[in-house]
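What follows is a short report on a single structure.
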Amino acid sequence: FLFALLMNFTSYWFSDKIVLAMYQARQVGLDEAPEFYRIVQNLTLRAQLPMPRLYVIPAESVNAFATGRDPQHAAVAVTEGILRIMNKEELEGIIAHELSHVKNRDILIGSVAATLAGVIMMLANMARWAAIFGVGRGERDEEGGGGVLGLILMSVLAPIAAVIIQMAISRSREFLADATGARIAGNPLGLASALGKLARASEIVPLEGRPETAHMFIVNPLSGGSFLSLF
């Protein structure tokens with residue numbers, strides 16, 4: 058019970074900070090990223106949202122995500138690569154899409170799912186190492202065999218459970234974000250052009266994403282990976 062309570066507390070209050078730290082995102086302001094800042098500022102006024110915290114991920118790949126527990130505590134993160142290759146209209150389309158997740162309150166669900174999936178995968182790794190080193194064996198071999206088998210099953214099934222948690226984030230939310238983002242940006246062609254460029258660029262320079270956070274990004278960093286990337 059205490060573990061579950063701690064997980065709920067951590068997920069609600071710190072999930073955004075955990076995800077941002079995973080990708081070494083640094084917070085930026087008007088001086089460090091003037092175009093990024095002004096675009097977000099203009100779009101938040103159109104969307105009637107508070108100004109989110111802005112972060113840049115030190116990566117040449119092209120990707121972006123939004124996180125936070127509510128619109129008042131939201132953050133939008135983009136990679137250095139996306140700021141380099143996107144024109145103003147395309148960047149507006151991408152940011153409008155991410156702000157749509159803030160407006161539609163998808164960000165808390167996504168951040169909490171990422172935190173829970175990360176914990177599940179950590180427990181799976183612990184179970185795998187425990188099975189390898191024989192932790193949990195009883196005095197009799199039969200008892201030990203059952204314990205090791207249970208640990209092996211947990212190490213295999215836990216990553217699958219993590220993926221199921223992420224699948225609870227319905228793809229329909231992405232379609233809704235596209236539609237809402239087009240309205241916020243006022244130019245659906247900007248997002249359409251950006252998505253095409255994102256798809257091509259992410260194949261050339263993919264982001265080194267983690268399975269537990271892949272669902273948060275505008276382009277899945279694991280889309281070209283195999284099922285074995287879960288393990």
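Positions in the sequence shown are counted from 1; adding 57 to them yields our numbering.
Glycine residues also receive a C-beta, built at the ideal position from the N, C-alpha and C atoms.
Looking at C-alpha atoms only, which residue of the options is the closest neighbour of residue i?
i	options	result
Phe93	Ala116, Asn144, Gln105 and Ile166	Asn144
Ala153	Ala116, Met183, Gly138 and Leu106	Leu106
Ser72	Ala249, Ile142, Ala123 and Val262	Ala123
Ile96	Val119, Val76 and Leu140	Leu140
Ala104	Asp127, Ala121 and Ile241	Ile241
Leu252	Gln98, Gln84 and Asp235	Asp235
Please go through the same chain and pick out, in chain order, the residues whose beta-carbon is closer than 6 Å to the beta-carbon of residue i, but skip the five residues on each side of it.
i	result
Thr237	Ser157
Arg230	Asp163
Gly293	Not covered by the structure: residue 293. The range shown for the chain is 58 to 288.
Gly281	Low confidence applies here, because Gly281 scores a pLDDT of 46, under 50, leaving its location unreliable; read the following figure in that light. No residues qualify anywhere along the chain.
Using DSSP's beta-bridge definition, name the partner residues of residue i.
i	result
Val76	The partner list for Val76 (beta bridge, DSSP) is empty, contrary to what the question assumes.
Arg83	Val113
Pro124	Inspection of the sequence shows that residue 124 is occupied by Thr rather than by Pro. Paired residue(s): Ala132.
Would you identify the three-state DSSP class for residue i, choosing helix, strand or coil?
i	result
Ala134	strand
Ala234	helix
Arg162	coil
Ala90	coil
Gly150	helix
Gly247	helix
Please work out which residues of its chain come closer than 7 Å, Cβ to Cβ, to residue i, disregarding the five sequence neighbours upstream and downstream, and give them in chain order.
i	result
Arg197	Confidence at Arg197 is low in this model, with a pLDDT of 48, below 50, so its placement is unreliable and no value can be given for it.
Asn277	Ala271
May I ask you to check if the CB of residue i is nearer than 7 Å to at least one heavy atom of the ligand ADP?
i	result
Thr124	Among the components of this structure there are no ligands whatsoever, and the ligand ADP is therefore not found.
Assuming the contact rule is C-beta atoms closer than 8 Å, residue i and residue j should be a hit. Round their C-beta distance to whole Å, please.
i	j	result
Glu137	Pro115	6 Å
Going by beta carbon distance, what residues of the same chain come within less than 8 Å of residue i, once the five residues before and after it are set aside?
i	result
Leu77	Tyr112, Thr124, Ala132 and Ala134
Ala239	Gly150, Ala153, Pro245 and Leu248
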